[in-house]
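A.B. asks: Each residue of the sequence shown is one higher than the last, beginning at 12 in our numbering.
Okay, handing you the structure first.
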Amino acid sequence: MNSNQPADLRFSFAGFAERGGRTGEHKDGWGIAFHTRRGVRLFRDERPSIDSPLAEQMKRRRIKASNVVAHIRKATQGNITQQNCHPFTRTLWGRAWSFAHNGDLKGFYPDAGRYDVEGDTDSERAFCYLLSGLAERFDQQPSRRALYVAVSELAAEIAVHGVFNFLLSDGDTLFAHCSTQLHYVSRSYPFAQASLIDCERSIDLSRHNGPDDRMAVIATQPLTHDETWHAFVPGELKMFAGGHVVEAASLRLPQHSCLSQCAA
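Written out as structure tokens, the structure reads:
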């Protein structure tokens, strides 16, 4: 989730957590990272989200954040341990970054970069490779345009190894890359009612949001059945800031950039 104001994600998380063993097969752990003004708050558990006492707490706990990255795991590489649960977090340019990956990267064992890999998953190796690549390109936080181009190029390098759907956030901007499946919904005034697909729960968003509030929620598959969800194009990288998509046209990307190559 990316929003222009700190927002409460309990409603969406309630449906999302059902996919960790009840309505979905991702039963090998889960995690959630909240980016707040004080930094990132990370919660992870190797148990399925439907059986996790921590997940139950998250459904009731009111933590507001402008960027949230959540993940339910189906292990393709690595043991079922808390250490291997996503999201992963690291610090770059004095900011906390979080990352979650859905997919499987074959034969991806890059040389050690600036970040140590603590677990044994392809996902954490990809995250460390991404951040190492950004650190090598820029000594400090670059412009949004330059950051988008760099993430796009690094994602293309990794994606040749397999399925690489991912979310990446620095607490301000959220990047979403689609290899196979990814969807997003935009929520803004006038807010309407939303009903979850995975459990019987609805919310009148107009009662919890003001006319200036704006947010985007990204998921592999839509979480609600009465909102308009937009499908990503395979190979596409989208950047979200202030609760909406930053259109590629506004970044004035050159025609030969990785974006045009990946989306082709």
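Quick reminder that beta carbons are idealized off the backbone N, C-alpha and C, glycines included.
As the structure is a prediction and not an experimental result, all values here were calculated from the model.
In chain order, what residues of the same chain have a beta carbon less than 6 Å from the beta carbon of Phe175, not counting five sequence neighbours either side?
C.D. replies: Gly114, Ile169 and Ser190.
A.B. asks: What are the residues that DSSP puts in a beta bridge with Asn13?
C.D. replies: Beta-bridge pairing links Asn13 to Asn78 and Ala227.
A.B. asks: Drop a sphere of 10 angstroms on the beta-carbon of Cys139, count the other beta-carbons inside from all chains shown, and report buried for 16 or more, exposed for fewer.
C.D. replies: Answer is buried; the Cβ neighbour count reaches 16.
A.B. asks: Verify whether the separation of the beta carbon atoms of Asp215 and Phe202 is less than 9 Å.
C.D. replies: Cβ distance < 9 Å, so Asp215 and Phe202 count as in contact.
A.B. asks: Do Val228 and Tyr200 have their beta-carbon atoms positioned less than 9 Å apart in this structure?
C.D. replies: No. Outside cutoff.
A.B. asks: Taking DSSP as the reference, what is the three-state secondary structure of Ala4?
C.D. replies: This structure cannot speak to residue 4, because the chain is shown only from 12 to 275.
A.B. asks: Identify which residue in Asp223, Thr235, Thr231 and Ala242 has its Cα closest to the Cα of Gln16.
C.D. replies: When only C-alpha atoms are compared, the closest one is Asp223.
A.B. asks: Would you call Arg218 buried or exposed, if buried means 16 or more other Cβ atoms sit within 10 Å of its Cβ?
C.D. replies: The residue is exposed, with fewer than 16 neighbouring Cβ atoms inside 10 Å.
A.B. asks: Indicate whether Gly32 and Pro59 have their beta-carbon atoms separated by less than 9 Å.
C.D. replies: Against a cut-off of 9 Å, the Cβ pair of Pro59 and Gly32 comes out as a contact.
A.B. asks: If you pair each beta-carbon of the region 68 to 81 with each one of the region 19 to 33, do three or more pairs fall below 8 Å?
C.D. replies: At 8 Å Cβ cutoff, the stretches touch.
A.B. asks: Pick from Gly173, Leu142 and Asp183: whose alpha carbon is nearest that of Arg155?
C.D. replies: Nearest of Gly173, Leu142 and Asp183 to Arg155, Cα basis: Asp183.
A.B. asks: Considering only residues of the same chain and omitting the five flanking positions on each side of Thr231, which have a CB-CB separation below 8 Å?
C.D. replies: If we look at Thr231 and ignore the five residues flanking it on each side, its Cβ neighbours are Asn113, Asn176, Gln192, Leu193 and His194.
A.B. asks: Rounded to whole angstroms, how far is the Cβ of Asn13 from the Cβ of Phe243, which I believe are closer than 8 Å?
C.D. replies: Asn13 to Phe243, Cβ: 15 Å. No contact.
A.B. asks: Mind reading off the beta-carbon distance from Ala111 to Leu158? Whole number of angstroms is fine, and I expect it under 8 Å.
C.D. replies: The Cβ separation is near 19 Å, so there is no contact.
A.B. asks: DSSP three-state label for Tyr159, please.
C.D. replies: Note: Tyr159 maps to helix in three-state DSSP.
A.B. asks: List the residues that DSSP assigns as beta-bridge partners of Val128.
C.D. replies: Note: Val128 sits in no beta bridge, so no partner.
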